[in-house]
Amino acid sequence: ALDVLRKSLALGTNSSCIYLFTFELIEVGTSVEFSIGPVQQKSLGLKKPIVQLEICDNKKLVVLCDNLLQVLSIPSLEVSYNATKLKNVTSFQVHNALYEKSLELYIGTKKKTIVLLQLGDSKPQLIREISLPEVPLSFRVDGDALCVGLWSRYLLVNCAPDGTQQQQELFSLDDGQRVTPLVELVEKGEFLVTGMNNLGIFVSAKDGSSRRPPLQLDSNTLALACASPYVLSLNDEFLTVHSGLHYERQQVQTHSVNGGLSLALAREFARCGSLSHIVLIACQSGDLQAALPLPWYSQVEQMLREGQVDEAMRVAEHARQSASDAGQSSPELLAKFRRIQQAAGLACLRRATSAAAKSAGQSVAEDAQKATQYLVEGRIDLRHLLGLCPGLLPPSGSVELPAPPDGLSQLAELCRAEPDRMNLLKAFLLELLFKYRVSRFTGDLRREADTALLKLCSELRPGQTETLIYSELDCDSADCLAFLASSGRHHARALLLRSLGRSAEACQVWRQLLDDSEAGDPQFPGVDYFAEYVTTLAAADADGLFWPHAEYLLAKEPERHLRVLTGCGLPPSDIVTRLESRAPKALLLYLEQHLLLLLDETDREEDRKLDGGDERLHTRLGALYLDAIEEAGVDSDSDAAASLRARLLTFLRRSKVYRAQFLLGRLQTLQSRSGDSGASLLLPHLAELRARCGDIDGALRVLLLDLGDCDAAAELCSAQSNPGPYWSALLAICLSGEHRDRLLGSAVRLLNRPDVPADGARVLPLLPANYPVGPLRPFLCSALRRALHRRRSACLAKGLAVAAQLTLSHQLASLPNCRSSISLTETTRCAVCNRRFDESSPSPSVPSTSAGAAPAALAFVLTSTGQPAHFRCCPWLHEATAANSNSTSSSAVSAAGSPTEAAKTSA
Numbered sequence: 001a002l003d004v005l006r007k008s009l010a011l012g013t014n015s016s017c018i019y020l021f022t023f024e025l026i027e028v029g030t031s032v033e034f035s036i037g038p039v040q041q042k043s044l045g046l047k048k049p050i051v052q053l054e055i056c057d058n059k060k061l062v063v064l065c066d067n068l069l070q071v072l073s074i075p076s077l078e079v080s081y082n083a084t085k086l087k088n089v090t091s092f093q094v095h096n097a098l099y100e101k102s103l104e105l106y107i108g109t110k111k112k113t114i115v116l117l118q119l120g121d122s123k124p125q126l127i128r129e130i131s132l133p134e135v136p137l138s139f140r141v142d143g144d145a146l147c148v149g150l151w152s153r154y155l156l157v158n159c160a161p162d163g164t165q166q167q168q169e170l171f172s173l174d175d176g177q178r179v180t181p182l183v184e185l186v187e188k189g190e191f192l193v194t195g196m197n198n199l200g201i202f203v204s205a206k207d208g209s210s211r212r213p214p215l216q217l218d219s220n221t222l223a224l225a226c227a228s229p230y231v232l233s234l235n236d237e238f239l240t241v242h243s244g245l246h247y248e249r250q251q252v253q254t255h256s257v258n259g260g261l262s263l264a265l266a267r268e269f270a271r272c273g274s275l276s277h278i279v280l281i282a283c284q285s286g287d288l289q290a291a292l293p294l295p296w297y298s299q300v301e302q303m304l305r306e307g308q309v310d311e312a313m314r315v316a317e318h319a320r321q322s323a324s325d326a327g328q329s330s331p332e333l334l335a336k337f338r339r340i341q342q343a344a345g346l347a348c349l350r351r352a353t354s355a356a357a358k359s360a361g362q363s364v365a366e367d368a369q370k371a372t373q374y375l376v377e378g379r380i381d382l383r384h385l386l387g388l389c390p391g392l393l394p395p396s397g398s399v400e401l402p403a404p405p406d407g408l409s410q411l412a413e414l415c416r417a418e419p420d421r422m423n424l425l426k427a428f429l430l431e432l433l434f435k436y437r438v439s440r441f442t443g444d445l446r447r448e449a450d451t452a453l454l455k456l457c458s459e460l461r462p463g464q465t466e467t468l469i470y471s472e473l474d475c476d477s478a479d480c481l482a483f484l485a486s487s488g489r490h491h492a493r494a495l496l497l498r499s500l501g502r503s504a505e506a507c508q509v510w511r512q513l514l515d516d517s518e519a520g521d522p523q524f525p526g527v528d529y530f531a532e533y534v535t536t537l538a539a540a541d542a543d544g545l546f547w548p549h550a551e552y553l554l555a556k557e558p559e560r561h562l563r564v565l566t567g568c569g570l571p572p573s574d575i576v577t578r579l580e581s582r583a584p585k586a587l588l589l590y591l592e593q594h595l596l597l598l599l600d601e602t603d604r605e606e607d608r609k610l611d612g613g614d615e616r617l618h619t620r621l622g623a624l625y626l627d628a629i630e631e632a633g634v635d636s637d638s639d640a641a642a643s644l645r646a647r648l649l650t651f652l653r654r655s656k657v658y659r660a661q662f663l664l665g666r667l668q669t670l671q672s673r674s675g676d677s678g679a680s681l682l683l684p685h686l687a688e689l690r691a692r693c694g695d696i697d698g699a700l701r702v703l704l705l706d707l708g709d710c711d712a713a714a715e716l717c718s719a720q721s722n723p724g725p726y727w728s729a730l731l732a733i734c735l736s737g738e739h740r741d742r743l744l745g746s747a748v749r750l751l752n753r754p755d756v757p758a759d760g761a762r763v764l765p766l767l768p769a770n771y772p773v774g775p776l777r778p779f780l781c782s783a784l785r786r787a788l789h790r791r792r793s794a795c796l797a798k799g800l801a802v803a804a805q806l807t808l809s810h811q812l813a814s815l816p817n818c819r820s821s822i823s824l825t826e827t828t829r830c831a832v833c834n835r836r837f838d839e840s841s842p843s844p845s846v847p848s849t850s851a852g853a854a855p856a857a858l859a860f861v862l863t864s865t866g867q868p869a870h871f872r873c874c875p876w877l878h879e880a881t882a883a884n885s886n887s888t889s890s891s892a893v894s895a896a897g898s899p900t901e902a903a904k905t906s907a
């Protein structure tokens, strides 16, 4: 048996002898030597092998030999606690050894029990007793949980504070394969037991479940030890190191041992600034072998060199967490851990950029994700990564570059030798910079990061360059502009110039792309993009950039780029003045679109008032139409000439504010200079302008006699505010003169329209005497209906007038002081103005009388005294009389001005 505690080593032999050593670790260069101190020796006299011994913290040594348990003092090795000896003991575990005069032990006995005893100077005291179905061969305790190994099974026993116990069978052992049950505490809350087929099974102390895959142990395992995160197993040939972190590669290391017997772990040795474990092995030859683990940092470095990145990071994370839990974390440890993360990230990056791995179909996304995680968490200096790709870093750096991490030079050499790897590295850097562009990862290197990001984005993702440039980019502008120019990314260069406020240079770059098709950029959207940008320049054209570039676009394609003028927001008068002499064709298109838009708004808002400037613009547009028609050829049958004539006619019909007399003169001059065919094509325009000038008869004659368009003439008449006289003139032209025979059918068709307000009594004499009545049936029915309506309306008006006269007479008779008769003579004078009633003295305040009323000089009122007065001399009565023209009662005043009732009548 073998046990180690700090610098004390206890060794029990097969002849019941005990040896007690003290030793020291001495490091000589890269090797370690042991220095053995004084040796204490004692024989128990039992001639049996010592099965188990354990050194306690209270300087006691517990020994089990021949089922007899004894407690010895250190260093004298004398029997302690009144020479206490316990019999029939199969195994034990020290539970509490904090006090020198007492000791608590869990003891397994042949009586199929495990008891918790407190040993001291007095008689042993029983604290707890656990009954089992079989004799316990080995067990370990973790708090109130015990994992017990019996001959045929394993049990998990949980002891509650109230004294109750719960036993759970974990699994049974096959009698055919005799297995020596071994139990070891891996960490708090978890045990490791040996099972069938040489498996080491992890058992949870809480519920007996296994949360980790089992370990494959060697055959005939004699002892187990746990040095987190490793598990050590010993048989008579090998010492095997298993990893509890690397599930895919559990067996980490194997050492040959000559006749191994027992295994012990010496903890809490300070080595290389960290805690270390010493493995001691007792051999049959009497040798005592020791093994020292490499420092975790050296292990991690070796794993990284071998490409075992995941295993290395698990070991490093476990070491960092263990140091943190033990309160031994330090800035040096954190810096070392970050260096490991950087090296791991570069190792993953080498795998992710491997062309061989990609061609073999292996997924590199996981390696790239891990590389990003390790490099960012390790806070690698971004310039180390950007320096792998030539040209990404700006010419001058802002901060001194630290020492490069391990593996950086190797990756740089690989990228220089393999172009495909370089492309994959650029793609990785682009994703990294997009994700961590503004974060603690970039820190003070924002300018370097944005410079490299713009270069990579223009090369690998040119479609996202515009979004990047307008996202608060902080780059080295001179370096980026030179790079974009040399790489042919001219559109991105113009965008960067625009974002820097250098709009004139940006416009020149775009114009070069438009003029030089060979030096084009596939990312340039085209002339429409440039036109849209030129439109925005008009808002604040401090540098005078709008008009030169607008005229450049209008000279190329005026119809396509007219929106540069319509959307710029400048006053129309300024645009007209600018284009008057420079681009008359563009001026025509601009006025056409601008004024038609106003006409559309006028149609939606009937009360819209147009100022004098609109009249000038409308007239100018009409003149431009005529000039364009003359230039294209008045009698030309081309599509362009026909389109101009149609657009002019539409404009003349829709607009209401142009100078019709001026355009009529221009049109007639144009007709006179053109031939008969050209003049005939402008007849609809001539008719429209004559109608607008008030010459309706002339317009109708052009439409009817020259064009023969009866429907157009009818529409012209219907469009007038008082269409009656115009319809009569239209019918007179059709039914009289030398053209009656030719236009008779059109006239009849017009008469039969339901909206023609023609008088049948005047129209019928114009028709031929022998014309049949059948074609005129709709007109005659309508005329008779209108005549009957007029007659009935007249009768109704007459009846209403008679009723009004009777009402007036009744009201006059009912007035107080009213005489039965009123007499007006030549000498009767007005009570207000003292004039005779037959004198004609019009008053400007008296309103005009309606049709059929008496003259204003004969209208009078009677005062309350019965004296007559002129109605015009009482202006305060006019408003009331106009409001109620059908009523004959009103208010009047006497000559003295007092109110009185009066009646208005006429003589």
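Quick note: the sequence shown, position 92, residue 92 per the UniProt record's numbering, numbers continuous. No residue lacks a Cβ here, since even glycine has one placed at the ideal position from N, Cα and C. Bear in mind that the values here come from a model prediction, so they are computed numbers and not experimental data.
Beta-carbon proximity list for residue i, same chain, < 7 angstroms, skipping 5 on both sides
| i | result |
| --- | --- |
| Arg446 | Asp474 |
| Glu134 | Lys112, Leu150, Trp151 and Ser152 |
| Leu683 | Val702, Asp706 and Leu707 |
| Leu425 | Thr353, Leu388, Cys389 and Cys415 |
| Cys833 | His870 and Cys873 |
Integer-rounded CB distance, given that residue j should sit under 8 angstroms from residue i
| i | j | result |
| --- | --- | --- |
| Phe202 | Leu217 | Going by Cβ atoms, the distance from Phe202 to Leu217 rounds to 12 angstroms, so no, they are not a contact pair. |
| Leu385 | Leu429 | 6 angstroms |
| Leu704 | Ile733 | 6 angstroms |
| Leu513 | His491 | 7 angstroms |
| Leu72 | Lys87 | So it is not a contact: roughly 17 angstroms between Cβ atoms. |
| Gly622 | Leu663 | 5 angstroms |
| residue 922 | Asn752 | The first residue shown for the chain is 1 and the last is 907, placing residue 922 beyond what the model contains. |
For residue i, the nearest candidate out of the options (CA to CA)
| i | options | result |
| --- | --- | --- |
| Arg350 | Ser409, Thr13 and Arg511 | Ser409 |
| Leu333 | Gln369, Ala452 and Pro295 | Pro295 |
| Arg437 | Ala282, Cys457, Gln593 and Thr669 | Cys457 |
| Arg749 | Leu780, Ala691, Pro723 and Leu579 | Leu780 |
| Asn198 | Thr221, Ala583 and Glu184 | Thr221 |
| Tyr552 | Cys507, Thr194 and Leu767 | Cys507 |
| Asn58 | Lys101, Pro875, Ser43 and Arg690 | Lys101 |
| Arg592 | Asp637, Tyr533, Ser655 and Glu557 | Residue identity differs from the one stated: residue 592 is Glu in this sequence, not Arg. Of Asp637, Tyr533, Ser655 and Glu557, the residue nearest in Cα terms is Ser655. |
| Gly163 | Gln867, Leu185, Ile130 and Ser172 | Ile130 |
| Leu292 | Gln165, Gln253 and Glu630 | Gln253 |
Opposing strand residues paired with residue i [DSSP bridges]
| i | result |
| --- | --- |
| Ala225 | Leu232 |
| Phe23 | Ile36 |
| Arg338 | Paired residue(s): none; Arg338 is not in a bridge. |
| Pro868 | Leu862 |
| Asp142 | Ala145 |
| Leu117 | Leu105 and Leu126 |
Close beta carbons around residue i, own chain, < 8 angstroms, minus the five adjacent residues each side
| i | result |
| --- | --- |
| Glu104 | Val94, His95, Asn96, Ala97, Leu116, Leu117, Gln118, Leu119 and Ile127 |
Proximal residues to residue i (C-beta, below 6 angstroms), its chain only, five neighbours per side dropped
| i | result |
| --- | --- |
| Ala412 | Leu388 |
| His255 | Leu239 |
| Leu53 | Ala1, Asp3, Ala10, Gly12 and Val63 |
| Arg659 | Thr619 |
| Gln168 | Leu156 and Gly208 |
Three-state class that DSSP yields for residue i in the structure shown
| i | result |
| --- | --- |
| Leu682 | coil |
| Arg211 | coil |
| Phe530 | helix |
| Thr566 | helix |
| Ala853 | In this predicted model, Ala853 has a pLDDT of only 43, less than 50, meaning its place in the structure is not dependable enough to derive any value. |
| Leu261 | strand |
| Phe837 | coil |
| Ala10 | strand |
| Asn198 | helix |
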